[in-house]
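Contents: one structure, followed by commentary.
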Amino acid sequence: MKYALVVFETDASRALIKADRDAYRASYEAWIGELAAAGKLAGGDALDTEGRGAVTVRKAADGSATVADGPVHGGEESLGGWFVLEVADHDEAVRIARGFPTPEALELRPVLESA
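Quick note: the sequence shown uses our numbering, first residue 584, plus one each step.
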């Protein structure tokens, strides 16, 4: 089964990135390599969180849309990227997320594979 592991940057992770980007990336990339080697990584992408900021588009039931600069949800945590995990079950997805090497907030959700 597949699980989405959604990564939200935090103030702590952004501080580590600013302090030593190379060390931060090395720990992150080592974790990704281990997942891939174990056959647990089905995909994923990082978002450019330092370039142009997020834009939120909200669609209404009448078809109208409003556009605003900024993420859907404000606050300390901001969407940084995601991975798609290939796991046996929910418990394995949680175990993998607990091993994440950097101080982000992580959200796990099963992927609807019937669509």
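Backbone N, C-alpha and C define an ideal beta-carbon position, used for all residues, glycine too. From a predicted model like this one, the values you see are computed outputs, not experimental measurements.
In the DSSP annotation of this structure, the continuous segment of the beta strand (DSSP E) that includes valine 638 starts and ends at 638 to 642. Here aspartate 652 has Gly636, Val638 as same chain residues with Cβ atoms under 7 Å from its own Cβ, once five neighbours each way along the sequence are excluded.
In the structure shown, glutamate 696 adopts coil according to DSSP, grouped into three states. Look at serine 661 here: in three-state DSSP terms it is strand. Glutamate 669 places its beta carbon 8 Å or farther from that of alanine 688. Contact annotation: glycine 664 and valine 590 have beta-carbon atoms nearer than 8 Å. The three-state secondary structure of valine 589, taken from DSSP, is strand.
Secondary structure note for aspartate 605: its alpha helix (DSSP H) is the uninterrupted segment 604 to 620.
With 16 or more other Cβ atoms from the protein chains shown falling within 10 Å of its own Cβ, alanine 676 counts as buried.
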